[in-house]
Every structure is written in C-alpha cells, then in structure tokens.
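Below is one structure, written out as structure tokens; comments come after it.
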Amino acid sequence: MTPPNPFASEPRFEIRKLEPQHIPWANAIITHTNRYQSPAWAVLYHDRNAQTLYNFYHSTEVIVGHCINSGYSYGLFDTQYAFKNPAASAPTNGALLWDFSSPDATREELEDQMDFPLVAIALAHDLFHTFDKDAMTPLFQELPLLGRMFTILDGLDTRDPASWKPTAPGQVAQRNGTNTVRGYEGKGLAKRMAIWHMRLMAELGFRGIQIETANPAIDKLWLNPPEPFRAELDGDL
C-alpha cells in the first residue's frame, strides 16, 4: 500500500521511484543545490569555480547510485516541464548537459544545462546495507568540513548503539539527500515529500529514519513530524 498522494490537488507534480537512469540528474541536483543554495556549503565554499562542482559531482556518484539502486529513493517530477534544449534533451525525456571540461561555467549556465523534469529528491537507503565508508572518502576530500561535521556528530551521539542500529534489513533507513531545484523552492514540496516518505517507510516496516542535516529548514521539517511519528535530536553543533 502506498501513502496518500500529497500532490493530488496539483497533478503537475508526480512522485516516482528513482531508477538508475536518474542517477546523473539526482547527483546534479545534490551538487548544484549544495554548491549554490545551501546555507552551509554555499557560504563556506563560495569562492570555488565550476571545476569544484564537477569534482563534487564525481565524488558523490557512488553514494547517489547506492541510494537509488536500493529502491528507497524517490523524486518529484514536473509533468509540465519545458525543455530548454529540446533537440538534446527531449529524445531521452531529459538530460544533464554539463560540459565537465568547462571550469568557468556560471551558476545559471549549469542550472540551464540541468534540462530534466526531476525537481526535488528524497534519497535514502537501508542502513543495514549501507555503503562502505571508503565511498565517502572522495566527498570528504572535496568538502573536508563535511567529514569534520560527521566526526563531531558521532562524538555527540550518546545513544547505546544497540538501541537504534539495525540488526537486519528493513529496520532503519538512512536519508542522504533532501534537495529542491531553484525555482521550485518555497512551495512546500520538500515537506510534503518528506512526510510522504516517512509514511511509506513505516508501511514498509521500518521502525526509524536517520538523517544528518546542515540546513535549519530541513532541521525544522524533521524535528516536527506529524503524528504518530516522533523525532529525537541526537547531536547538534
């Protein structure tokens, strides 16, 4: 059974399970929104050029792929999306057109080259089948402060691991991406998707979802879930 569609009154938007062909799109959304829209990373790394974005993109391919291949990641699609470059993008119903050899590409150029109808993502995977920690190394090399953040949060978490860590598949989900394309923000899309995803994972038998964030808006969303769900803050810095 699938939870009620939170976009039933807005047929323009459709929630769909993300498939392997969506990995480049989802990865582009993660890297572009974190580079230019994040209240943390966009400020801390504001002086980097597009080459850093490309490096960021390549450093997260394995992580994004793992989440999507797990079967627990979903995206919001704009069914009325108009292609900016129809000749290149329409034949495949969307395309990522970044030129990875162009380090001087601007934010706007990169955004226009994300020519696909995926506008928001909710990435997750089963924590029992999490990716190898070595998969995070390239990302921490690109964003060293992110690695530091995880280290500090681990130190602040005083929970008994036996109280929350999964002992089998289907117990705890790990959220890895809550990102919305610029132009679609401020419409409550992420909130509605998050609540829908909570309900879906509960119906699938998961007893909990873990998430780390670096965005006060996402904090507020996840710390105030609707009943019957409840949230616990296990580390804050």
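Just so you know, full-length UniProt numbering puts 66 at position 66 of the sequence shown, and the rest follows in order with no gaps. In this text, a Cβ means the ideal position worked out from N, Cα and C, and glycines have one as well. All figures in this text were calculated on a predicted structure; none of them were measured in a lab.
Alpha helix (DSSP H) containing residue i: first to last residue?
| i | result |
| --- | --- |
| V43 | W41 to L44 |
| H66 | E61 to S70 |
| residue 248 | Lying outside 1 to 237, the shown extent of the chain, residue 248 is not represented and no answer is given. |
| K220 | P216 to L223 |
So what's residue i in DSSP terms, helix, strand or just coil?
| i | result |
| --- | --- |
| K17 | strand |
| G147 | helix |
| A95 | strand |
| G205 | coil |
| N55 | helix |
| P86 | helix |
| G155 | helix |
| F128 | helix |
| D104 | coil |
| T137 | helix |
| P11 | coil |
| L237 | coil |
| A194 | helix |
Which first and last residues belong to the beta strand (DSSP E) in which residue i is found?
| i | result |
| --- | --- |
| T180 | V172 to T180 |
| residue 265 | Since the first residue of the chain shown is 1 and the last is 237, residue 265 is not available in this structure. |
| Q210 | G208 to Q210 |
Looking at the strands, I want to know which residues DSSP matches up with residue i.
| i | result |
| --- | --- |
| Y74 | K17 and A122 |
Using 10 angstroms around the beta-carbon of residue i, count the other beta-carbons present and answer buried if the total reaches 16, otherwise exposed.
| i | result |
| --- | --- |
| A124 | buried |
| P6 | buried |
| T33 | buried |
| D104 | exposed |
| F77 | buried |
| V43 | exposed |
| Q21 | exposed |
| L156 | exposed |
| L110 | buried |
| S70 | buried |
| S101 | exposed |
_Cβ contact (3+ pairs, closer than 8 Å) linking the region 17-35 and the region 115-125_ = yes
*Are the region 193-202 and the region 215-230 touching, with three or more C-beta to C-beta distances below 8 Å?*
yes
*asked:* With a threshold of 8 Å, are at least 3 pairs of Cβ atoms found where one atom belongs to the region 205-219 and the other to the region 166-184?
replied: yes
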